[in-house]
Amino acid sequence: MTINNSEDVETDAPALAPVELLVCSTCRMGEVAEPDVPRPGALLHAGLANVDLPDSITVRAVACLSNCSQGCTIAVRSEGRWTYIYGNIDPVTQLETVVEGVTKYASTTDGLVPWRERPEHFRKNCIARIPPIEVMS
Ligand code: FES
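Numbers given in this note's numbering equal positions in the sequence shown, counted from 1, plus 52.
1. Report all residues from its chain with a CB closer than 7 Å to the CB of L164; omit the five preceding and five following residues, and keep chain order.
2. Check whether the Cβ atoms of V23 and I109 lie closer than 8 Å to each other.
3. Between C178 and the ligand FES, is the CB less than 7 Å from at least one heavy atom?
4. Within the present structure, is the beta-carbon of L117 separated from the nearest heavy atom of the ligand FES by less than 7 Å?
5. Is there at least one non-hydrogen atom of the ligand HEM closer than 7 Å to the beta-carbon of T149?
6. At a cut-off of 7 Å, would you count T135 as near the ligand FES, judging by its Cβ distance to the nearest heavy atom?
7. Is T145 near the ligand FES, going by C-beta to nearest heavy atom under 7 Å?
8. Expressed to the nearest angstrom, what Euclidean distance is found between the alpha-carbon atoms of M188 and E86?
9. How about G82: is its Cβ closer than 7 Å to a heavy atom in the ligand FES?
10. Just confirm the distance between the C-beta atoms of G132 and D162, as a whole number of angstroms; I'd bet it's less than 8 Å.
11. From what residue to what residue does the alpha helix (DSSP H) around T191 run?
Here it is, written out as structure tokens:
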């Protein structure tokens, strides 16, 4: 670590990798899809596009994460980090839960947030976790 004489502090620590928050915009939460009525997944995506997330997190809509019976569903991934998929997310009442959990994820180097620090909903509704990619050449 290098410390300047100014109030700024420079470090040699690498910047944390950007994070992608994938939101299934087609989740129905058991409801029958009706024309002109937004699906719960679309509501979740719209809600997360308008919350205060760290700049390193990009929210992207995807069509189906193959967790349809336990939607709404999100996935959070990043280079060098574990990928997590979470389900049963209420698009109205759990926006802050998602913000908290994904912000904690983005603050790690490996995606592993200590168990007790994860939002309760994330602890109880983790559908899958996938290790970081390691491609052999
Ligand atoms: S429609 Fe959302 S996981 Fe399949």
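The C-beta atom is built at its ideal place from N, Cα and C for all residues, glycine as well.
Judging by the given coordinates:
1. Position 112 of the sequence shown holds residue 164. Take L164, set aside five residues on each side of it, and the residues of its chain with a beta-carbon closer than 7 Å to its own are W134, in chain order.
2. Because the chain here runs from 53 to 189, residue 23 falls outside it and cannot be looked at.
3. Numbered from its first residue, the sequence shown carries residue 178 at position 126. No heavy atom of the ligand FES is found nearer than 7 Å to the CB of C178.
4. Your numbering for residue 117 matches position 65 in the sequence shown. With a threshold of 7 Å, the Cβ atom of L117 counts as near the ligand FES, since some heavy atom of the ligand is closer than that.
5. In terms of ligand content, the structure shown lacks the ligand HEM and carries the ligand FES instead.
6. Position 83 of the sequence shown, counted from the first residue, corresponds to residue 135. No; taking the cut-off as 7 Å, the Cβ of T135 has no heavy atom of the ligand FES nearer than that.
7. On the sequence shown, residue 145 is found 93 positions in, with the first residue counted as 1. Every heavy atom of the ligand FES is 7 Å or more from the Cβ of T145, so no.
8. Reading the sequence shown from its first residue, position 136 is the one you call residue 188. Reading the sequence shown from its first residue, position 34 is the one you call residue 86. Approximately 46 Å between the Cα atoms of the pair.
9. In the sequence shown, residue 82 corresponds to position 30, counting from 1. False, no ligand heavy atom lies under 7 Å from that Cβ.
10. Locating residue 132 in the sequence shown gives position 80, where the first residue counts as 1. Locating residue 162 in the sequence shown gives position 110, where the first residue counts as 1. About 7 Å separates the Cβ atoms of G132 and D162, confirming a contact at the 8 Å cut-off.
11. Nothing can be reported for residue 191, as the shown portion of the chain is limited to 53 through 189.
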